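Residue numbers (the UniProt record's numbering): 1 to 1136. Backbone N, C-alpha and C fix where the C-beta goes; we use that ideal spot for every residue, glycine too. None of these values were measured; they are calculated from a predicted model. One structure is given here, and the rest of the page talks about it.
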Amino acid sequence: MAQEKITLADALSNVEVLDELPLPDEQPCIEAQPCSVVYQANFDTNFEDRNGFVTGIAKYIEEATTHANLPKSNEQPNRVEIYEKTVEVLSPEVNKLLNFMYFQRKAIEAFSGEVKRLCHAEKRKDFVSEAYLLTLGKFINMFAVLDELKNMKSSVKNDYSTYRRAAQFLKVMTDSHSLQESQNLSMFLATQNKIRDTVKDTLEKIVGYEDLLSEVVNICVHMYDSKMYMTPEEKHMLVKVMGFGLFLMDSEICNINKLDQKKKLRLDRIDRIFKNLEVVPLFGDMQIAPFNYIKRSKHFDPSKWPLSSSTAISPQADLMVHLPTIREDHVKYISELSRYSNEVTTTYKDNATDGENKSTADLALRGLQLLSEWTSVVTELYSWKLLHPTDHHQNKECPAEAEEYERATRYNYTEDEKFALIEVIAMIKGLQVLMARIETVLCEAIRRSIYAELQDFVQLVLREPLRKAVKNKKDLIRSIVMSVRETCADWQKGTEPSQDPALKGKKDPDSGFAINVPRLNVGPSSTQLYMVRTMLESLIADKSGGKRTLRKDIDGSCLSQIDAFHKASFYWTYLLSFSETLQKCCDLSQLWYREFYLEMTMGRKVNSYPRNNRYETLLKQRHVQLLGRSIDLNKLITQRINADMQKSLELAICRFEASDITGVVELEALLSVNKLCHKLLSKWLALDDFDAMLKEANHNVLAPYGRITLHVFVELNYDFLANYCYNAATNRFVRNKLQIAFSGPITREKAPVMSHYYLWGSKPLNAAYSTQYSQYNGFVGAPHFHAICRLLGYQGIAVVMEIILKDIVKPLVQGNLLQFTKTLMSAMPKCCKLPLCDYGSPGVLSYYQAHLVDIVQYPDAKTELFQSFREMGNSLLFCLLIEQALSQEEVCDLLHAAPFQNILPRPFCKDGEKPESKQKRLEAKYASLQIVPNVEKLGTAKQAMIAREGDLLTRERLCCGLSIFEVILGRVKSFLDDPIWMGPPPINGVMNIDECSEFHRLWSALQFVYCIPVAGTEYMVEELFGEGLHWAGCTIIVLLNQQRKFEALDFCYHILRVQRVDGKDDTVKGINLKRMVDRIRRFQVLNSQIFAVLNKYLKSNDIEGSNVEHVRCFPPPPHPSVAPSHYHDPNKLRAQ
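Here it is, written out as structure tokens:
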């Protein structure tokens, strides 16, 4: 086939077509529907029509929040599409609203049907159980809650109106049934109190419904007063049923005030309850005042409700009243629970007795009741506060423009209430944890106690009522008792003993009739418990009206036993589901609900979008339509972020170049902030590699060292080494007090002018961080050396140290210091002995002052000479401190890498345990972290080689055995090659004692100079030059192997020793002896410390444990009379 020829123009056109290819990236489109842009250019308008180019997305870009929908005109061509989307989105929610409407209809029908059945003339005298009445109360509570929720959520009505307009426009609802249902739903949502009024209207059609509702209200009052509830939710439900039930009863045909006169209701008791509990939680963070139902009733009479109608504050609103009781109960119960918990954990019993199980069950019940009571106090206080917000008149700390929610919570609590609230919540959660820990033990005791109590009651206690019922032929009572026994009796042999005399109505024989009741760890089922309690309630129910009571047919003692059992068994349902009940009793989730206040109210400060990820969606956009073009917003942002980050890095380095060496700490922080910013943005943007950007800004892409390394050396050479004084006590360098630049004026580049966002982000942040990092400007210490190590790395540190040695230390040693040494050695006395102690310390001082007068009066000693020593000493200290900082960084890296390199700490072993087995288990546990074995097992050969090399580079660090400072000292020692440092060989062949021909004698003279105390207005040598001066002299002495000679023959040390003996304090030629001795002692300690550090590094390669001493033996000195015949050479002496 012939090869097709493509011209350059065709190739370019094909490439240009690539821009038109769609590239779906599955990113959500956040761009708003664009408005139609229609305008006519008119140059006389001064280009005011530029506003026509502003698109809907501009607001999103500016505010980084969800863009509000633009107003839609009726003439919009895409309004059909808008309506279709509206119907599509809201249809599922509208179906839920329809189901809600149908549900409330069916619920009202079922409730009214049940009320009608119970109010029938033939049913009025029948027994209605307590549980059934409570179920009717729950119905009433549900209606109240649903009605209030429907009233409060106005957003539901607005959404349905929008849906209905769209559906009518699209003609979705065409049939008459759909239109009717839509109209019904619209009216249902729009009508306030629709559910409440429907229930009320339905009940008013039932004859005698008020009697049944009065029984429901009375049972709620009885249960509330008797505390026959467990969870706070049940307590609040009882109060809501009272209020809503009375509202339903009060109508044209029924007056609740007359029911009170007939003793069918006790309004005084209900009034007290409503006052003690003015506000109850309704749902979430919504609440309701039950007394409001009474106010809206037809026959409301304030005189019948004196407490609720008063303006006195409810006890519910005062937490401090309840706090002492809560504290006391908490302490008592915690003590009892701890004692029981300790008994359980320290003692072991096969089976506890019935009494112990009963005591444990009572302990658990009392704990649940206390938790429920405390939780009720917290939630009731919170609900009251929400319904009674404060204002700036009641609370001076509350601003006038505070939000509604702030007035209800933030400013509505006193300081004491806040602390008390925290304390009570801590008590609730703390006790909940303690009870949950021993839940297993408590549940077992509860089940055993309930089983024993139930079986004893059924098999033993009910024998007497059964006997009398059979004997007196009370068939109804007999059948109920027999039903109870058949329902839940667990007989010893599986069947009821047929020979039981009670079954025949006879008395027990004189020897008695033994029934063995078993003991098991199992409780009754909920059905059994309900049936037993309901049947027993029918026996003891005290109802007025003829045949409705059976109490008169039961003996009094038996009746009291049945009544006690019935009351005690009320809590068994909660105890058998202990874990669930414990959770409900401690439920404080109401404190977290914010929907009503934060979404349903029109706040002035509305956050329409989560602030933490506001840019995420924006950064993902790649296809933004702008004036007919598709814009890759992600790419454009990436380009600009890259440029800004590159500029930020360059400005950070420029800022460092405009400062002294102390700015290195702020530089590292700026680079860290930029790196973190780069890391966070890289999640959504394809930014350049940060290390590459830093290298480019640092100008070391190809160069061996960059701007940071170069500026560090420049600052060291021209400022740091020459002008800073070292202090070992603080381990810091500070500028000399005179602020004299010994190296001449220092010129630096001017700090760049940069926008706030290129530095720390904003003007307040820049001020804050500048204040923070200005604390590092007055010294150079550990933070600076650590920052230098992290920024320069191994290569940069090596470059700086090499230049320091070549360009600073070597010229000093072989230049200025050498020349000064030669000059001063010629000025030193030829011989300077150590005077005897007999002369006294003043005499010794006078002797040295006379012999060293030329050195003391040397004009350049305290200026150029000491400055040269200071620069050399500072150079050595810089290398030492850099190595220490580098070692710490390496140790930190090694510790971080240890788990990945199978370097595990030695496990702790108790007596008798084998460390080998524990170590193996530890290695097996962390085997998945071992990089090299895993890569060798799962990776390729190349990957395994890379992993091994990386592991080797991680392990082999300088801190593992190599010393930079030792090499530095070796290099400096090589610079001391001039004979003047060592001096001529000793005349006696051993050592020079009185001769001043070695460097240590010169240093002794210089030490004598700076040990002389100065006048009060003069600066001491340590203030001007620091300890770098001493480090230089001591280093030269150690490298020349003259340390022992110096310590033995030093002039100042000799003065110190003599003065310690005689203790004199004289003034010799203007020199105070005592002050000088004090200075000598301080410098002696300093020298000893320096010698110790230097010897540590110089002797690091010596063989450990080598005790061989290199001793050279010399003969005793000969007497002058035999000197000519004496052999002075030890070798010749041995030959004889």
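Simplified DSSP assignment, three categories, for residue i
i        : result
Val-532  : helix
Glu-417  : helix
Ser-383  : helix
Gln-621  : coil
Glu-1104 : Low per-residue confidence applies at Glu-1104: pLDDT is 44, beneath 50, and the placement is therefore not dependable enough to give any value.
Ile-450  : helix
Val-780  : strand
Val-156  : helix
Arg-629  : strand
Glu-130  : helix
Asn-193  : coil
Glu-20   : helix
Met-600  : Unreliable placement is indicated for Met-600, whose pLDDT of 45 sits below 50; the coordinate value is still reported in the next sentence. Of the three classes helix, strand and coil, the one that applies to Met-600 here is helix, per DSSP.
Pro-984  : coil
Ala-11   : helix
Leu-702  : coil
Lys-1099 : coil
Leu-588  : coil
Pro-933  : helix
Arg-272  : helix
Gly-939  : coil
Residue burial classification, residue i (beta-carbon count within 10 angstroms, cutoff 16)
i        : result
Lys-96   : exposed
Trp-592  : exposed
Met-645  : buried
Val-37   : Residue placement at Val-37 is poorly supported in this model, since its pLDDT is 45, which falls under 50; the coordinates are not used for a value here.
His-896  : exposed
Phe-419  : exposed
Tyr-705  : buried
Cys-831  : exposed
Cys-1052 : buried
Asp-689  : exposed
Arg-870  : buried
Gly-970  : exposed
Val-458  : buried
Gln-33   : The pLDDT assigned to Gln-33 is 41, lower than 50, so where the model puts this residue is not dependable; a value taken from the coordinates is nonetheless given after this. It is exposed - the Cβ of Gln-33 has fewer than 16 other Cβ atoms within 10 Å.
Ser-13   : exposed
Opposing strand residues paired with residue i [DSSP bridges]
i        : result
Val-734  : Cys-725
Cys-831  : Glu-995
Pro-281  : Gln-287
Thr-1067 : Asn-1072
Residue span of the beta strand (DSSP E) that contains residue i, given as start and end
i       : result
Pro-905 : That residue, Pro-905, is in no beta strand (DSSP E); it is neither H nor E in DSSP.
Given residue i as reference, the closest of the options once Cα atoms are compared
i        : options                                : result
Ala-445  : Glu-666, Ile-964, Ala-420 and Asp-350  : Asp-350
Cys-585  : Lys-304, Val-470 and Val-433           : Val-433
Glu-1023 : Asp-553, Asn-736 and Trp-1031          : Asn-736
Pro-842  : Phe-690, Val-1058, Gln-499 and Asp-994 : Val-1058
Ala-655  : Gly-556, Ile-708 and Val-673           : In the sequence under discussion, the amino acid at residue 655 is Arg, which differs from the Ala named in the question. The candidate whose alpha carbon is nearest that of Arg-655 is Ile-708.
Ala-669  : Lys-910, Lys-806, Leu-716 and Leu-759  : Leu-759
Val-856  : Met-828, Ser-875, Lys-833 and Leu-1073 : Met-828
Ser-310  : Ile-334, Arg-272, Tyr-293 and Val-331  : Arg-272
Met-101  : Leu-149, Val-128 and Phe-188           : Phe-188
The alpha helix (DSSP H) enclosing residue i, as first and last residue numbers
i        : result
Gly-873  : 866-897
Arg-971  : 964-975
Gln-1051 : Per the sequence shown, residue 1051 should be read as Phe rather than Gln. From DSSP, the alpha helix (DSSP H) with Phe-1051 extends over 1051-1062.
Ile-1036 : 1028-1039
Thr-709  : 707-715
Tyr-571  : First-last for Tyr-571: undefined, no H or E at that position.
Ala-469  : 463-471
Distance cut-off 7 Å: residue i Cβ against heavy atoms of the ligand NAP
i       : result
Ala-944 : Questions concerning the ligand NAP fall outside what the structure shown contains, since it holds no ligand whatsoever.
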